[in-house]
Amino acid sequence: MAHLKPSISEVDPIWHRICDEAEEAITAEPLMGGLIHSGILHHQTFEGALAYRLSMKLASSEMSEQILREIADAAYMADPSLAAAARADLVAIYDRDPACHRFMQPILFFKGFQAVQSYRLGHWLWQNGRRDLAYFVQMRVSEMFGVDIHPAAKIGKGIMIDHAHSVVVGETAVVGDNVSMLHSVTLGGTGKEDDDRHPKIGDGVLIGAGAKVLGNIKVGHCSRIAAGSVVLEEVPPMKTVAGVPARIVGEAGCSQPSITMDQLLNPV
Numbered sequence: 061m062a063h064l065k066p067s068i069s070e071v072d073p074i075w076h077r078i079c080d081e082a083e084e085a086i087t088a089e090p091l092m093g094g095l096i097h098s099g100i101l102h103h104q105t106f107e108g109a110l111a112y113r114l115s116m117k118l119a120s121s122e123m124s125e126q127i128l129r130e131i132a133d134a135a136y137m138a139d140p141s142l143a144a145a146a147r148a149d150l151v152a153i154y155d156r157d158p159a160c161h162r163f164m165q166p167i168l169f170f171k172g173f174q175a176v177q178s179y180r181l182g183h184w185l186w187q188n189g190r191r192d193l194a195y196f197v198q199m200r201v202s203e204m205f206g207v208d209i210h211p212a213a214k215i216g217k218g219i220m221i222d223h224a225h226s227v228v229v230g231e232t233a234v235v236g237d238n239v240s241m242l243h244s245v246t247l248g249g250t251g252k253e254d255d256d257r258h259p260k261i262g263d264g265v266l267i268g269a270g271a272k273v274l275g276n277i278k279v280g281h282c283s284r285i286a287a288g289s290v291v292l293e294e295v296p297p298m299k300t301v302a303g304v305p306a307r308i309v310g311e312a313g314c315s316q317p318s319i320t321m322d323q324l325l326n327p328v
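So for the sequence shown, my numbering puts the first residue at 61; every next one is plus one.
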């Protein structure tokens, strides 16, 4: 069964590559044929495949796959930036994660990618005043992927959440473009304030495993937060912070920490 390639007027190199990879994967492992056909090759567009995959993951006895698929299809049709961000996220994972060897892997297997795209769907619902549905999506993302991102949070494109276990992003958090974070990261608040209370993460930041960034503080662009750190104060751009509480321990060490994924400390 050949996949349904877009017409010449709808050339999509990423989608073509995913479909080619899918056909090669079925040849190598025929037992995966059903999953790969239903998840990728049955669809004519990247958006259609992504809407299907998310609806299958988020469905439950309380909300059917069909309803969620209709919601996702409507979101991708109404807001092309959702799919553009998903493409940027997919490329980011392929570029930064040494365990990712094909573009199709994040769509089918990587819960960090799936969780972020589900958040994007919930955020679209939130922005359009459909807040109970947005909360439902948040709940299901937490239950299915172990990732709890409030639908009101603002997250840029080119995001990689590696391993994606026990990640928490609060309601008023802002995350810039091209940010990488590992498992058990928290972007949380302090106290019981109900106003702007969560971190603002600049572009190109690398947040190590288990790091906690708490309060309405800024983390400057292209900075690094070492694994296990607790950040309670503003981080200047292009610095490395580490410790509990976190302190500046050196320069960032490169122009794009989130892309190099270098976890080593670089002393001043």
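Virtual Cβ for every residue (Gly too), placed ideally from N, Cα, C.
For clarity, every value in this text was computed on a predicted model and none was experimentally measured.
- The beta carbon of His-281 sits closer than 6 angstroms to those of Gly-262, Asp-263, Gly-264, Pro-297, all from its chain and outside the five residues before and after it, given in chain order.
- The Cβ-Cβ distance between Thr-246 and Val-234 does not fall below 9 angstroms.
- Asp-192: member of the alpha helix (DSSP H) spanning 191-205, first to last residue.
- In this structure, the beta-carbon distance from Leu-128 to Leu-118 falls below 9 angstroms.
- If you look at Leu-114, you'll find it in the alpha helix (DSSP H) that goes 106-118.
- Just measuring C-alpha positions, the residue of Ser-289, Lys-278, His-258, Ile-277 sitting nearest Ala-269 is Ser-289.
- Burial state of Pro-158 is exposed, judged by a 10 Å Cβ sphere holding fewer than 16 other Cβ atoms.
- Cβ contact annotation for Val-291 (same chain, cutoff 8 angstroms, sequence separation greater than five): Pro-259, Ala-271, Lys-272, Val-273, Leu-274, Ile-277, Val-279, Ile-285, Val-301, Pro-305, Ala-306, in chain order.
- Three or more Cβ pairs drawn from the stretch 97-113 and the stretch 79-89 lie within less than 8 angstroms of each other, which places the two stretches in contact.
- In this chain, the beta strand (DSSP E) harbouring Ile-308 covers 307-311.
- Taken through DSSP and simplified to helix, strand or coil, Val-176 comes out as helix.
- Looking from the CA of Val-71, the closest CA among Leu-95, Phe-106, Gly-303, Glu-84 belongs to Phe-106.
- In this structure, the alpha-carbon of Ser-178 lies about 14 angstroms from that of Arg-191.
- Between Gly-248 and Gly-230, the gap from beta carbon to beta carbon is short of 9 angstroms.
- For the options Gln-174, Lys-252, Arg-257, Glu-293, the alpha carbon positioned closest to that of Asp-222 is the one of Gln-174.
- According to the DSSP secondary-structure assignment, Thr-246 is paired through a beta bridge with Val-228, Lys-272.
- Judged by DSSP in its simplified three-state form, Ser-283 adopts coil rather than helix or strand.
- For Arg-147 and Glu-125, the gap between their C-alpha atoms comes out near 23 angstroms.
- Judged by beta-carbon spacing, Leu-266 lies within the 9 angstroms limit of Asp-322, meaning their Cβ atoms are closer than that value.
- Burial is judged here by how many other beta carbons sit within 10 angstroms of a residue's own beta carbon; Ser-121 has fewer than 16 and is exposed.
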